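Below is one structure, written out as structure tokens; comments come after it.
Residue numbers (my numbering): 444 to 680.
Right under this line is the structure:
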């Protein structure tokens with residue numbers, strides 16, 4: 444079966460250096476591609492999760508059984524050089540396929556999703572337990588998974604630069620009708636979350652809520668969560 448498996452893909456193998464930093468700043472161009480922990484813009488700017496383990500291995504890790512912390516990561520600026528950017532764009536445009544890429548027989552694994560916005564319509568490709576491929580997957584699913592791994596590896600080549608971005612816009616998610624936790628600094632949850640369980644805050648309110656939830660645990664606030672919105676993205680689509 445190994446001989447029949449698709450070969451690994453390296454879209455940036457011909458890129459000789461990291462390239463130069465783009466002009467402007469993250470978010471000044473349209474979003475080109477997203478994955479968990481990565482947002483790539485059409486001019487080569489990126490933002491990545493501001494943590495030491497923000498890497499391809501981290502994107503494929505098995506999640507812990509405990510609930511995620513109430514406050515998500517902030518964003519760190521980074522960039523791809525023009526060669527890397529063109530390689531990622533070309534691979535995603537030509538090889539990324541819409542839909543799910545099979546289900547390996549693995550328990551308690553995460554799902555990796557990459558969405559490409561460079562075509563006429565967005566294309567989202569997802570793989571459960573990426574990196575734990577099994578022989579029962581079709582050749583098409585195996586090939587699609589190699590594309591995802593190659594894109595993540597290329598994104599992981601980004602040059603990190605500048606300071607962690609300030610908290611300016613956040614998405615707040617929670618269960619509709621849940622009571623407000625003690626000391627809640629934001630607007631009433633019924634007003635903020637509406638019927639969809641998602642709300643947007645900006646400016647000082649965004650920072651206050653982010654800091655408040657960052658100091659608490661699941662036991663304190665239940666399923667109330669705050670996520671920092673990357674530049675150029677919407678809070679609640």
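Glycine is no exception: its CB is placed at the ideal position from the N, C-alpha and C atoms.
As the structure is a prediction and not an experimental result, all values here were calculated from the model.
Using the Cα positions of residue 473 and residue 464, report the straight-line distance between them to the nearest angstrom.
Position 30 of the chain shown holds residue 473. Position 21 of the chain shown holds residue 464. Cα to Cα, the separation comes out at about 17 Å.
Do residue 540 and residue 568 have their C-beta atoms within less than 8 Å of each other?
For this step, residue 540 is matched to residue 97 along the chain shown. For this step, residue 568 is matched to residue 125 along the chain shown. Yes, the pair counts as a contact, with Cβ atoms nearer than the cut-off.
Can you check which of these residues, 580, 487, 461 and 655, is closest to residue 467 by C-alpha distance?
Looking up residue 467 in the chain shown gives position 24. When only C-alpha atoms are compared, the closest one is 487.
Could you tell me whether the stretch 640-660 touches the stretch 611-619, using the rule of 3 or more Cβ pairs below 8 Å?
yes
Can you look up residue 504 in the DSSP assignment and give me helix, strand or coil?
Looking up residue 504 in the chain shown gives position 61. Low local confidence applies: a pLDDT of 41 at residue 504 is under 50, so the model's placement there is unreliable, with the coordinate-based value given in what follows. Coil.
Excluding sequence positions up to five away, which residues of its chain have a Cβ less than 6 Å from the Cβ of residue 675?
Counted from its first residue, the chain shown places residue 675 at position 232. Taken in chain order, the residues that qualify are 470 and 474.
Grab me the residues of residue 514's own chain with a C-beta within less than 7 Å of its C-beta, minus the 5 sequence neighbours each way, in chain order.
Counted from its first residue, the chain shown places residue 514 at position 71. Closer than 7 Å at the Cβ level, and outside the excluded window around residue 514, lie 653, 656, 657 and 669.
Give the single residue among 673, 678, 677 and 680 whose Cα lies nearest to the Cα of residue 518.
Taking the first residue of the chain shown as 1, we reach residue 518 at position 75. It is 673.
Looking at residue 619 and residue 746, is the spacing between their C-beta atoms short of 8 Å?
Past the boundaries of the shown model lies residue 746; the chain is included only from 444 to 680, so the question cannot be answered.
Quick one: give me the first and last residue of the beta strand (DSSP E) that residue 619 is part of.
Locating residue 619 in the chain shown gives position 176, where the first residue counts as 1. First-last for residue 619: undefined, no H or E at that position.
Please determine, among 578, 536 and 526, the residue with the shortest C-alpha to C-alpha distance to residue 563.
Counting from 1 along the chain shown, the entry for residue 563 is found at position 120. It is 536.
Exposed or buried, which one is residue 478 when buried takes at least 16 other CB atoms within 10 Å?
Against the chain shown, residue 478 aligns to sequence position 35. Buried, because 16 or more other Cβ atoms sit within 10 Å of the Cβ of residue 478.
Does the Cβ-Cβ distance between residue 491 and residue 596 come in under 8 Å?
Sequence index remark: in the chain shown, residue 491 carries index 48 (1-based). Sequence index remark: in the chain shown, residue 596 carries index 153 (1-based). No, they are not a contact pair.
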